[in-house]
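> Next up is a structure, given as structure tokens.
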Amino acid sequence: MKRARSFDENGYPEFGMRDKLAYAAGDFGCNMSFALASYLAVFYTQYIGLSASLFALLLVILKIWDAVNDPLIGALMDNSKRRFRRGKFKTYIHFGSFGLVVAAALCFIPIPNAALWLRITVCMLGYMAWDLFYTVVNVPYGSLVSVITAEPGERAQLSAWRNAGALIASIGIGVGLPLLIYDRDDNLMGGKLFPIALILGVIAFVSFRLLIRGTTERIRPEALHGEQARPPAEKFNYFKTIRNFLGNRGAVGVTLAMVAFYLGVYGSEMAVTVMFQSYFHNAGLSGLVMLLNYAPMFAVMPFIAKIARRWGKKEASQLSLLLPVLSSALMLLFPMEGNVRGMLLYLFFCLLNGLGASVFIITSYAMVADAIDYNEWKTGRREEGTIYAFHSFFRKIAQGVGPSIGLLLMEWLGYAGALGANQSAQTALNMRYLAAGMSLFSAAAAWAAIRFVFNIDRRTLAQMEASLGRAAAEPSARPARD
């Protein structure tokens, strides 16, 4: 017998497993596309034939497109006065998902023998198309959590399930793809990436259908909060929007932490790949780094709502980040030879990194939702799309600048893309030090941002939610439903 759905006092289906699974499907779909971006540097430097410094420059230039793209999409959503049948955020996801089916594949068009100008043009146009459609999907997806539920524990659960979806996609691609795209000599077979990207695009499209059908927008921005109504929409002012974002310490703090974290993660990605190609001589196992960095989150996820209510997201995140600081320092200083034993030791430190960063990564999206509420508390304006768009923009800046910095450092340390897996012994060793050093920097900087900038601690969150009339003053007073 089919179980009847329960409804809340406003007539919406109560928050439950349907929302969690559907929201997880959304980030699974996003990462079917996004996880491929980690292969852009090796594809363009080792297969297409661009120099590391040239590709680093192209990545920085392409971030100018992000500077226009992300905030405008967010502002477009915030200033929309239309009532959408699917809800505002899910409507944007619906239309953006059609373009995202093929957009990632455009970044991997196999033309290694084309003229240099054509290779550069295809690289830039393909990336711009992918970034546009990814933004149209990802910005409303990130904002969606703020209208599904207002309860802190439930938001933490959504953040955990979002990470679960992202992890399944990222680990699957990270572990499985190296086994398919490297030959026996650890060199890249770049021509395989185009059809693989198309297949993953179709899987992403199906995932977004599940997201749209399974989630419910329960919080309406136009509703009254206490006795204060939402002020009328103002004409969009790009520079005023930036000032408003920078005045929100909650949004700035969690954004700085994610930027720092991504600078290290994405800045070291190519160095890790080359290290496994040329130092450990086993490129097919390079995906284990992603597995061990992210798999510990599955152990943490069942407890994240209780952790958030009991200790607070800020407090738990800054404590957990101390472990990757320690393990990265050991990774940098501990001697590891280029053999199986050395590789296993390196993977052990990656496991410690992943275990320590888990709480921070899982709760980061819930902290963005808290920053949206903080903005409403202080200014009377929610601005979900704009806040998440700037958060997404700065994250993507880090995702572009990080690899660019990493590639420039790699070239300075002797890396030559044309050599593929046949780097010199000194260059291979340098890649090991570079990967560990960038990991240490990212963990330490993320800890500092949460500790000294992010200002929504457990007590402030309780006061804010009570003032907005969305939760009891004591965050642990209301248990989250499973």
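First residue of the sequence shown: 0, per numbering that gives the first Met the number 0; consecutive thereafter. The C-beta atom is built at its ideal place from N, Cα and C for all residues, glycine as well.
1) Mapping DSSP to helix, strand and coil, what is Y91?
2) Let me confirm a value: G379 is counted as buried when at least 16 other C-beta atoms fall within 10 Å, else exposed. Which label applies?
3) How would you call K19, buried or exposed, if buried means at least 16 neighbouring beta carbons within 10 angstroms?
4) Give the DSSP-derived three-state secondary structure of P12 in the structure shown.
5) Go ahead and label E336 buried or exposed: buried means 16 or more other beta carbons lie within 10 angstroms of its beta carbon, across all protein chains shown.
6) Since G355 and P323 should fall inside the 8 Å C-beta cutoff, what is the C-beta to C-beta distance between them, to a whole number of angstroms?
7) From what residue to what residue does the alpha helix (DSSP H) around S393 run?
8) Tell me L187's beta-bridge partners as DSSP assigns them.
9) Taking the alpha-carbon positions, what's the I47 to K377 distance?
10) For the 8 Å Cβ check, are there 3 or more pairs between the region 390–409 and the region 55–73?
11) May I have the straight-line CA-CA distance separating I202 from A128, to the nearest angstrom?
12) By how many angstroms is the C-alpha of A435 removed from the C-alpha of S158?
13) Within its chain, find whatever has a CB closer than 7 Å to the CB of I92; leave out the 5 residues flanking it on each side and keep chain order.
14) Using a 10 Å radius around the Cβ and a threshold of 16 neighbouring Cβ atoms, would you call E382 buried or exposed?
15) Should Q227 be labelled buried (16 or more other beta-carbon atoms within 10 Å of its own) or exposed?
16) From this set, K191, A36, A328 and A465, which residue's C-alpha is nearest R431's C-alpha?
17) So A298 is in the alpha helix (DSSP H); what residue range does that whole segment cover?
18) Count the other C-beta atoms from every protein chain shown that fall within 10 angstroms of the C-beta of V67, then say buried if there are 16 or more, exposed otherwise.
19) Tell me the DSSP secondary structure of F453 in three-state form.
20) Residues in its own chain within less than 6 Å of M366 by CB, not counting five upstream and five downstream?
21) Rounding to the nearest angstrom, what Cα-Cα distance links I503 and I371 in this structure?
22) Return the CA-CA distance between L289 and N243, expressed in angstroms with no decimal places.
23) Pick out whichever of Q425, I108 and F359 has its Cα sitting closest to the Cα of V258.
24) Which of helix, strand or coil does DSSP assign to W310?
25) Can you grab the Cα-Cα spacing for the pair S145 / R154, in whole Å?
26) Less than 9 Å between the C-beta atoms of G483 and F14, yes or no?
27) Look up T214 in the DSSP assignment and say whether it is helix, strand or coil.
28) Identify, in the order they occur along the chain, each residue of the same chain with its Cβ nearer than 6 Å to the Cβ of E410, setting aside the five sequence neighbours on each side.
29) Are at least three pairs of beta-carbons, each pair with one atom in the region 93–105 and one in the region 169–185, less than 8 Å apart?
30) Could you check how far apart the C-beta atoms of Y373 and G249 are, in whole angstroms? I think they sit under 8 Å.
31) Which same chain residues end up closer than 8 Å to K191 when comparing Cβ atoms and leaving out the 5 residues on each side of it in sequence?
32) So, is G266 buried or exposed, given that buried needs 16 or more other C-beta atoms within 10 angstroms?
33) Is M296 closer than 9 Å to G405 when the C-beta atoms are compared?
34) Below 8 Å on the Cβ atoms is my contact criterion, and I expect I147 with E216 to pass it. Report the Cβ-Cβ distance as a whole number of Å.
35) In whole angstroms, give me the CA-to-CA distance for L117 and S403.
36) Closest by CA to Q422, which one among F107, S37, V273 and L58?
Looking at the coordinates:
1) Here residue 91 corresponds to residue number 92 of the sequence shown, with the count starting at 1. DSSP, reduced to helix, strand and coil, places Y91 within a helical segment of the structure shown.
2) Taking the first residue of the sequence shown as 1, we reach residue 379 at position 380. Using a 10 angstroms sphere on the CB of G379, the tally of other CB atoms stays under 16, which defines it as exposed.
3) Here residue 19 refers to the residue found at position 20 of the sequence shown. Classification of K19: buried, given that the 10 Å Cβ count is 16 or more.
4) Start at 1 with the first residue of the sequence shown, and residue 12 comes out as number 13. Residue state, collapsed to three classes: strand.
5) As a working note, residue 336 is residue 337 in the sequence shown. That one is exposed.
6) Position 356 of the sequence shown, counted from the first residue, corresponds to residue 355. Position 324 of the sequence shown, counted from the first residue, corresponds to residue 323. About 4 Å separates the Cβ atoms of G355 and P323, confirming a contact at the 8 Å cut-off.
7) If you number the sequence shown from 1, residue 393 lands on position 394. In the sequence on display, residue 393 carries Phe and not Ser. Unbroken alpha helix (DSSP H) run through F393: E383 to W411.
8) Taking the first residue of the sequence shown as 1, we reach residue 187 at position 188. Checking the DSSP bridge columns, you'll see L187 partnered with Y181.
9) In the sequence shown, the residue the question calls residue 47 occupies position 48. In the sequence shown, the residue the question calls residue 377 occupies position 378. A direct Cα-to-Cα measurement between I47 and K377 gives close to 50 Å.
10) Touching, yes.
11) As a working mapping, residue 202 is identified with position 203 in the sequence shown. As a working mapping, residue 128 is identified with position 129 in the sequence shown. Between the alpha carbons of I202 and A128 lies a gap of roughly 19 Å.
12) The residue given as residue 158 occupies position 159 in the sequence shown. The residue given as residue 435 occupies position 436 in the sequence shown. Those two C-alpha atoms are separated by around 28 Å.
13) Numbered from 1 along the sequence shown, position 93 holds the residue referred to as residue 92. V136, P139, Y140, F207, L210 and I211, listed in sequence order.
14) Indexing the sequence shown from 1 puts residue 382 at position 383. E382 sits buried, since 16 or more C-beta atoms from the chains shown fall within 10 Å of its C-beta.
15) Taking the first residue of the sequence shown as 1, we reach residue 227 at position 228. With a pLDDT of only 43 at Q227, under the threshold of 50, the placement of this residue in the model should not be trusted, and no figure is reported.
16) Translated into the one-based positions of the sequence shown, residue 431 becomes position 432. Nearest option by C-alpha distance: A328.
17) Working through the sequence shown from its first residue, we reach residue 298 at position 299. Judged by DSSP secondary structure, A298 falls within the alpha helix (DSSP H) whose first and last residues are P295 to V299.
18) As a working mapping, residue 67 is identified with position 68 in the sequence shown. Taking all protein chains in view, the Cβ of V67 is surrounded by fewer than 16 other Cβ atoms within 10 Å, so the residue is classified as exposed.
19) Along the sequence shown, read from residue 1 onward, the residue named residue 453 stands at position 454. The DSSP-derived three-state label of F453 is coil.
20) Your numbering for residue 366 matches position 367 in the sequence shown. If we look at M366 and ignore the five residues flanking it on each side, its Cβ neighbours are V253 and K312.
21) No answer is possible for residue 503: it lies beyond the span of the chain, which begins at 0 and ends at 481.
22) As a first step, residue 289 must be located in the sequence shown, where it is residue number 290. As a first step, residue 243 must be located in the sequence shown, where it is residue number 244. What sits at residue 289 in the sequence shown is Met, not Leu. So the two alpha carbons sit approximately 36 Å from each other.
23) The residue you call residue 258 lines up with position 259 of the sequence shown. Among Q425, I108 and F359, the Cα nearest to that of V258 is on F359.
24) Translated into the one-based positions of the sequence shown, residue 310 becomes position 311. Annotated three-state conformation of W310 is coil, per DSSP.
25) Here residue 145 refers to the residue found at position 146 when the sequence shown is read from its first residue. Here residue 154 refers to the residue found at position 155 when the sequence shown is read from its first residue. If you take the alpha carbons of S145 and R154, they lie about 8 Å apart.
26) This structure does not reach residue 483, given that the chain is present from 0 up to 481, and the question cannot be answered.
27) In the sequence shown, counting from the first residue as 1, residue 214 sits at position 215. Coil.
28) On the sequence shown, residue 410 is found 411 positions in, with the first residue counted as 1. Residues of the same chain with a CB within less than 6 Å of the CB of E410, apart from the 5 flanking positions on each side, are A51 and S52 in chain order.
29) Contact fails between the region 93–105 and the region 169–185, because fewer than three Cβ pairs, one in each stretch, are under 8 Å apart.
30) The count along the sequence shown starts at 1 and reaches residue 373 at position 374. The count along the sequence shown starts at 1 and reaches residue 249 at position 250. The distance from the Cβ of Y373 to that of G249 is about 4 Å, consistent with a contact at the 8 Å cut-off.
31) Locating residue 191 in the sequence shown gives position 192, counting from the first residue. Excluding residues within five positions, the ones whose Cβ falls inside 8 Å are L179 and I180.
32) Numbered from its first residue, the sequence shown carries residue 266 at position 267. Answer is buried; the Cβ neighbour count reaches 16.
33) The count along the sequence shown starts at 1 and reaches residue 405 at position 406. The count along the sequence shown starts at 1 and reaches residue 296 at position 297. Cβ distance not < 9 Å, so G405 and M296 don't count as in contact.
34) Locating residue 147 in the sequence shown gives position 148, where the first residue counts as 1. Locating residue 216 in the sequence shown gives position 217, where the first residue counts as 1. Correct: roughly 7 Å between the Cβ atoms.
35) For the purposes of this step, residue 117 is taken as residue 118 along the sequence shown, with counting starting at 1. For the purposes of this step, residue 403 is taken as residue 404 along the sequence shown, with counting starting at 1. Computed Cα separation, rounded: 21 Å.
36) Sequence index remark: in the sequence shown, residue 422 carries index 423 (1-based). With distances taken between Cα atoms, Q422 lies closest to V273.
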